[in-house]
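One structure is given below, encoded as structure tokens.
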Amino acid sequence: MHHKSVEESLRDLNTSTKGLSEEEVQKRVSIHGKNTLEEERESRIRVFIRQFTSPFILILFAAGLIAFLLGDVKDGLLVYGIVLINGLLGFYQELKAIASIEALKSLTALKTKVVRDGKEVEVDSRDLVPGDIVLLGEGDVVPADIRLLESVGLLVDEALLTGESLPVEKDADLLLFEDTPLHARANCLYKGTVVLRGKALGVVFATGKNTELGKIAQRVQEGSPESPLTKALGVFGKRWIFILLVLLSLLAFVGIMQGREPKTIIFFAIAQLISAVPEGLPIVVTLALVVGAIRLSREKVLVKYLPAVETLGSATYICTDKTGTITLGRLTVQDYVAYDKKELLLASALCNDADGMRGDPLEMALLEWLERERVNWQFLRKAYERVWEHPFDTKRRLMAVIVSDGSGKLDFYVKGALESLSNMCERECPKEVWEDHNRMAQEGLRVLAFGYARLDKIPKDVEEVRIEVVGLVGFLDPPKEGVKEAVETARSAGIRVIMITGDNLLTAKAVASMVNIYGEGDIALEGMDLERYSDDELYNLLKKTTVVARATPEDKYRIVKILQSRGEVVAVTGDGANDAPALRVADLGIAMGSGSQAAKDASKMIILDDNLAIIVNAIRRGRLIAKNIGKVIRYLLSANSFQIFYNSLAIITGLPLPLYPTQILWINLVTDGVQDKAYPFTKYEGNPMKEKPKSPIETFIGRHQIITVIYNGLLMAIAHYFLFLYMLKNYPYEIALTVSFTSAVISQWAVGIQEISDRPFLRNPIEHIRLNPYVFLGISIGAILQAVAIYLLSDYFHAVKLPLDMLPYVFFIPILTFLGIEVRKWVQRFEKNQFLS
60 MHHKSVEESL
70 RDLNTSTKGL
80 SEEEVQKRVS
90 IHGKNTLEEE
100 RESRIRVFIR
110 QFTSPFILIL
120 FAAGLIAFLL
130 GDVKDGLLVY
140 GIVLINGLLG
150 FYQELKAIAS
160 IEALKSLTAL
170 KTKVVRDGKE
180 VEVDSRDLVP
190 GDIVLLGEGD
200 VVPADIRLLE
210 SVGLLVDEAL
220 LTGESLPVEK
230 DADLLLFEDT
240 PLHARANCLY
250 KGTVVLRGKA
260 LGVVFATGKN
270 TELGKIAQRV
280 QEGSPESPLT
290 KALGVFGKRW
300 IFILLVLLSL
310 LAFVGIMQGR
320 EPKTIIFFAI
330 AQLISAVPEG
340 LPIVVTLALV
350 VGAIRLSREK
360 VLVKYLPAVE
370 TLGSATYICT
380 DKTGTITLGR
390 LTVQDYVAYD
400 KKELLLASAL
410 CNDADGMRGD
420 PLEMALLEWL
430 ERERVNWQFL
440 RKAYERVWEH
450 PFDTKRRLMA
460 VIVSDGSGKL
470 DFYVKGALES
480 LSNMCERECP
490 KEVWEDHNRM
500 AQEGLRVLAF
510 GYARLDKIPK
520 DVEEVRIEVV
530 GLVGFLDPPK
540 EGVKEAVETA
550 RSAGIRVIMI
560 TGDNLLTAKA
570 VASMVNIYGE
580 GDIALEGMDL
590 ERYSDDELYN
600 LLKKTTVVAR
610 ATPEDKYRIV
620 KILQSRGEVV
630 AVTGDGANDA
640 PALRVADLGI
650 AMGSGSQAAK
660 DASKMIILDD
670 NLAIIVNAIR
680 RGRLIAKNIG
690 KVIRYLLSAN
700 SFQIFYNSLA
710 IITGLPLPLY
720 PTQILWINLV
730 TDGVQDKAYP
740 FTKYEGNPMK
750 EKPKSPIETF
760 IGRHQIITVI
770 YNGLLMAIAH
780 YFLFLYMLKN
790 YPYEIALTVS
800 FTSAVISQWA
810 VGIQEISDRP
820 FLRNPIEHIR
830 LNPYVFLGIS
840 IGAILQAVAI
850 YLLSDYFHAV
860 KLPLDMLPYV
870 FFIPILTFLG
880 IEVRKWVQRF
890 EKNQFLS
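Okay, so the sequence shown: first residue is 60 according to the working numbering, each after it adds one.
What follows is the structure, given as structure tokens:
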């Protein structure tokens, strides 16, 4: 409707300024529906059931069933407990999406003054229909999308919808081009925005889902993507189970072909499968995420969705809002030029309706500036009585007052756009003034000009007065402390930061330059520019783009989806309802603590301090968590691959089983079941922000992980094989089996100690222990349990009470394993140093 005149708008909507009749309202309700954001919902039972259909969850179901079949009730219950926790987390996240819609709907639960049957009445805003004539005043929330018919001094806060930090002037008489972007449609009001000043009469042209806010609500309903962590664990689970099934099936086949007892071989294969399936991994991952979430909470970060903690560490892009995240979220006087400072200060105090507690943001900023200049503006207002005023006028774009100090003199003060004040100058506005104005505007400042005149009488019209320009004041929402350093840290960590804002391009570039987001060689775009590019073209452009100004919710959403489709992990910050769609579809949506409820509900994390610096600190924490999860996986797979390699060598070469099924399950308890729970508590080593982002798949099952797992597994398996061979030749099978059993447990502890850090243990043992003393506590508990198994419960584990002279054999392979891993670390360290040099 913005491109149509008042008369055309009324005609197209088949209405008049007398309003609709009640009969017509009912007809239109049946056509357009209620003015709400109601949506059909999937039943909560179906949402809950869907959480248990992923491949990884089905694998865990199978592992739990096998445990029950073997009589291991405790393990079975544990596995199903893990399944339930994972399902509840997913269920909770989907319910929060529904809450996002509810928050958006809450913006419309209002009463509205309308004209119906020629009378002014008050109705529930949900009952509005296209064609209704609406009256709005200061403080009203706009109930629908409205074409203005009349307006007086209308100023509207559209930050919720467009992200524009400054109030927007509205004018009913404007006629705009059809392709005018949303932020520039000054003759329309939009649902959910707020009238700050003035009065308006308008006609409703869109309600409910058809409003701009309704379109946002529909975007919010789209499913949030799987977290990178969930994807990586899914890939890992499928690959690992496939490998296990193939290997164990082959081993069972070979064993049976060798004439071994089928029942024993099958029991062995099932026990090995249970042991090798890392059913404890989800618990350890959850523990790591919980520990991370608790630590983040101390840094004023509220985690709503646990996998989001790790996603932080994988982020390759941060698409950040400007207002309230990078900036303070309030206007301040950034610069001024005084041609007559006394009169400029007087004009700022007297041509101003703010009272220090409430008022126009620009006028509030002027009062703060006066206080910094040590001007007592309250005293000035008492000393000078306002005898005449011209309220702010959107057509003339100025405000004027006449004051008197009681001596009979009349002082005229005016403030507004320089274009307006220049027409009132007694002489032509000096070139110097225009140069100063243009310089400040180029720096992204919102510039107000101030004028003064001494009068003999009160004028009939404001434009009769001839003035002198006494000064210019430039306003800006300034950057927060620490943001510049945070941007530098993010950049050094390989994370690109793009500022996406509803503000104008000059202001956006100015703020981005102040915090080093925008620099030489970078590209700054406007939202309307994006439509000219295909997705491929825009992705290539985004590699050099650091600022997108005048962005709509659709623009932000599109940028996020394009980056994700190219494998990028995207974190998005926002605080308005307009940010909700992008927050929802981002890998990590981060809402500000002071933001709208719709934004908070669509996000997975809330920054209570509203500061980009906190986000970068959280990324550091996320990378540590990802690294610790990687260590857990490396440790578990090293242990599991060792057992598979070891038993495979024995079966293929015709040796008796070196580890019995019950022993395998016990090893799983006293090593994996105890030690792995300690890794989430590992502290920082080095600076994770000096490294480039890694995908969780690379961190968890990347080339380095696979090589390390195979090396550790083969090292232990081959060494144990030859030890077992030696023991069989020189001692009874029961002794050989017990030595093999105990040595396997201690060897896995040795691997666990080495996996605390990527650095060699012997380089600094004290530092190694300091990084995670809980691993050593876990080993102590495991040692007690193993001693109980050998000396008190040996009959249950096909073992014998080991004489003390067997202990050298027990510890020989663990020491060899420990030193073998130590050598590998030193070699890798040497190769890395050689590469860097």
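Ideal placement from N, C-alpha and C gives every residue a C-beta, glycine not left out.
message: Measuring alpha carbon to alpha carbon, tell me which residue in PRO321, TYR364, SER653 is nearest VAL349.
response: On the sequence shown, residue 349 is found 290 positions in, with the first residue counted as 1. For the residues PRO321, TYR364, SER653, the minimum Cα distance to VAL349 belongs to TYR364.
query: What alpha helix (DSSP H) runs, 4 residues minimum, are completely inside the stretch 738–779?
result: 755–760
field: PRO824 (DSSP reduced to helix, strand or coil)
entry: Against the sequence shown, residue 824 aligns to sequence position 765. Three-state result, PRO824: helix.
field: Continuous beta strand (DSSP E) stretch holding THR379: start and end
entry: Taking the sequence shown and counting its residues from 1, the one referred to as residue 379 is at position 320. Looking at the DSSP string, the run of the beta strand (DSSP E) that includes THR379 is 376–379.
- request: Identify every residue that forms a DSSP beta bridge with LEU207.
  value: As a working note, residue 207 is residue 148 in the sequence shown. Paired residue(s): GLY261.
- request: Count the other CB atoms, across all protein chains shown, that sit within 10 Å of the CB of PHE438; report buried if there are 16 or more and exposed otherwise.
  value: What you label residue 438 is simply residue 379 of the sequence shown in a count that begins at 1. Looking at its Cβ environment, which holds fewer than 16 other Cβ atoms inside 10 Å, PHE438 is exposed.
- request: Write down the C-beta distance between ASP246 and LEU207 rounded to the nearest angstrom, noting that I regard them as a contact closer than 8 Å.
  value: One-based indexing of the sequence shown puts residue 246 at position 187. One-based indexing of the sequence shown puts residue 207 at position 148. Checking the sequence, you will find Asn at residue 246 rather than Asp. Correct: roughly 5 Å between the Cβ atoms.
field: Check: LYS749 C-beta below 6 Å from any heavy atom of the ligand MG
entry: The ligand content of the structure shown is nil, which means the ligand MG is not present either.
- request: Could you tell me if LEU639 is buried or exposed, where buried requires 16 or more neighbouring beta carbons within 10 angstroms of its beta carbon?
  value: If you number the sequence shown from 1, residue 639 lands on position 580. It is worth fixing the name first, because residue 639 is Ala in this sequence and not Leu. ALA639 is buried by the Cβ-count criterion.
- prompt: How would you write the range of the alpha helix (DSSP H) that PRO832 sits in, first residue to last?
  reply: Here residue 832 refers to the residue found at position 773 of the sequence shown. That run of the alpha helix (DSSP H) goes 832–850.
field: Opposing strand residues paired with HIS449 [DSSP bridges]
entry: Reading the sequence shown from its first residue, position 390 is the one you call residue 449. ALA459, per the DSSP bridge assignment.
message: Does the contact criterion of 3 or more C-beta pairs under 8 Å hold for the stretch 504–519 versus the stretch 538–554?
response: no
message: Within a Cβ cutoff of 6 Å, which residues of the same chain sit near LEU782, ignoring the five residues on either side of it in sequence?
response: The residue given as residue 782 occupies position 723 in the sequence shown. Hits under 6 Å: ILE872.
query: What separation, rounded to the nearest whole angstrom, lies between the Cα atoms of TYR376 and MET748?
result: Locating residue 376 in the sequence shown gives position 317, counting from the first residue. Locating residue 748 in the sequence shown gives position 689, counting from the first residue. So the two alpha carbons sit approximately 14 Å from each other.
- prompt: Since ASN94 contacts ASP186 with CB under 8 Å, what's their CB separation in whole angstroms?
  reply: Here residue 94 refers to the residue found at position 35 of the sequence shown. Here residue 186 refers to the residue found at position 127 of the sequence shown. About 7 Å separates the two Cβ atoms, so the contact holds.
- prompt: Taking the runs of the beta strand (DSSP E) that are 3 residues or longer, which of them lie wholly in the stretch 170–194?
  reply: 170–175, 178–183
message: Considering only DSSP beta bridges, list what LEU403 is partnered with.
response: Stepping through the sequence shown from its first residue, residue 403 is reached at position 344. DSSP output for LEU403 lists no bridge partner at all.
message: Would the stretch 540–557 count as touching the stretch 491–506 if we require 3 or more Cβ pairs under 8 Å?
response: no
message: Counting beta carbon pairs with one atom in the stretch 348–362 and one in the stretch 623–635, are three or more of them shorter than 8 Å?
response: no
field: Cβ shell of GLU237 (< 7 Å), same chain only, five flanking positions each side left out
entry: The sequence position of residue 237 within the sequence shown is 178, counting from 1. Only HIS62 meet the Cβ criterion.
field: Span of the beta strand (DSSP E) around GLY503
entry: One-based indexing of the sequence shown puts residue 503 at position 444. First-last for GLY503: undefined, no H or E at that position.
query: When the distance is taken between beta carbons, is ASP669 closer than 7 Å to GLY648?
result: As a position in the sequence shown, residue 648 is number 589, starting the count at 1. As a position in the sequence shown, residue 669 is number 610, starting the count at 1. For GLY648 and ASP669, no; Cβs fall outside 7 Å.
task: Going by CA-CA distance only, name the one from LYS468, ALA406, PRO450 that's closest to TYR511.
output: On the sequence shown, position 452 is the one that residue 511 refers to. Comparing Cα positions, the closest option is ALA406.
- prompt: Does DSSP put THR386 in a helix, in a strand, or in coil?
  reply: Within the sequence shown, residue 386 is the residue found at index 327, counting from 1. Correct three-state label for THR386: strand.
query: Would you call ALA442 buried or exposed, if buried means 16 or more other Cβ atoms sit within 10 Å of its Cβ?
result: Taking the sequence shown and counting its residues from 1, one reaches residue 442 at position 383. So ALA442 ends up on the exposed side.
query: Contact check, ARG256 vs ASP399 under 8 Å by CB: the rounded distance?
result: Looking up residue 256 in the sequence shown gives position 197. Looking up residue 399 in the sequence shown gives position 340. Their Cβ separation, rounded to whole angstroms, is 28 Å, which puts ARG256 and ASP399 out of contact at 8 Å.
field: VAL524, DSSP secondary structure in three states
entry: Reading the sequence shown from its first residue, position 465 is the one you call residue 524. Of the three classes helix, strand and coil, the one that applies to VAL524 here is coil, per DSSP.
- prompt: Considering only C-alpha positions, which residue in the set VAL132, ARG525, ASP562 is nearest to ASP216?
  reply: Looking up residue 216 in the sequence shown gives position 157. Checked all of VAL132, ARG525, ASP562; the closest Cα to ASP216 is ASP562.
task: Report the rounded CA-to-CA distance for GLY879 versus MET775, giving the unit in angstroms.
output: Reading the sequence shown from its first residue, position 820 is the one you call residue 879. Reading the sequence shown from its first residue, position 716 is the one you call residue 775. Approximately 9 Å between the Cα atoms of the pair.
task: For the beta strand (DSSP E) holding THR252, just list the boundary residues, first then last.
output: Numbered from 1 along the sequence shown, position 193 holds the residue referred to as residue 252. That residue, THR252, is in no beta strand (DSSP E); it is neither H nor E in DSSP.
query: In whole angstroms, what separates the C-alpha of GLU881 from that of ASN789?
result: Looking up residue 881 in the sequence shown gives position 822. Looking up residue 789 in the sequence shown gives position 730. Going by the C-alpha atoms only, they are around 31 Å apart.
Residues near LEU844 by beta carbon distance below 7 Å, same chain, minus five either side: Along the sequence shown, one-based indexing puts residue 844 at 785. Same-chain partners within the cutoff: VAL729.
- request: In angstroms with no decimal places, state the Cα-to-Cα distance between CYS378 and GLY586.
  value: What you label residue 378 is simply residue 319 of the sequence shown in a count that begins at 1. What you label residue 586 is simply residue 527 of the sequence shown in a count that begins at 1. Their backbone Cα atoms lie some 14 Å apart in a straight line.
Cβ neighbour criterion (16 or more within 10 Å) applied to GLN501: Position 442 of the sequence shown holds residue 501. It counts as exposed.
task: Might you give, ordered along the chain, the residues of its own chain that have their beta carbon closer than 7 Å to the beta carbon of LYS60, omitting 5 neighbours on each side?
output: Sequence index remark: in the sequence shown, residue 60 carries index 1 (1-based). Residue 60 is actually Met in this sequence, not Lys. Excluding sequence neighbours, MET60 sits near SER68, ARG206, CYS247, PHE264.
message: One question on the structure: do VAL188 and VAL88 come within less than 7 Å of each other, judged by their Cβ atoms?
response: Start at 1 with the first residue of the sequence shown, and residue 188 comes out as number 129. Start at 1 with the first residue of the sequence shown, and residue 88 comes out as number 29. The answer is yes: Cβ separation under 7 Å.
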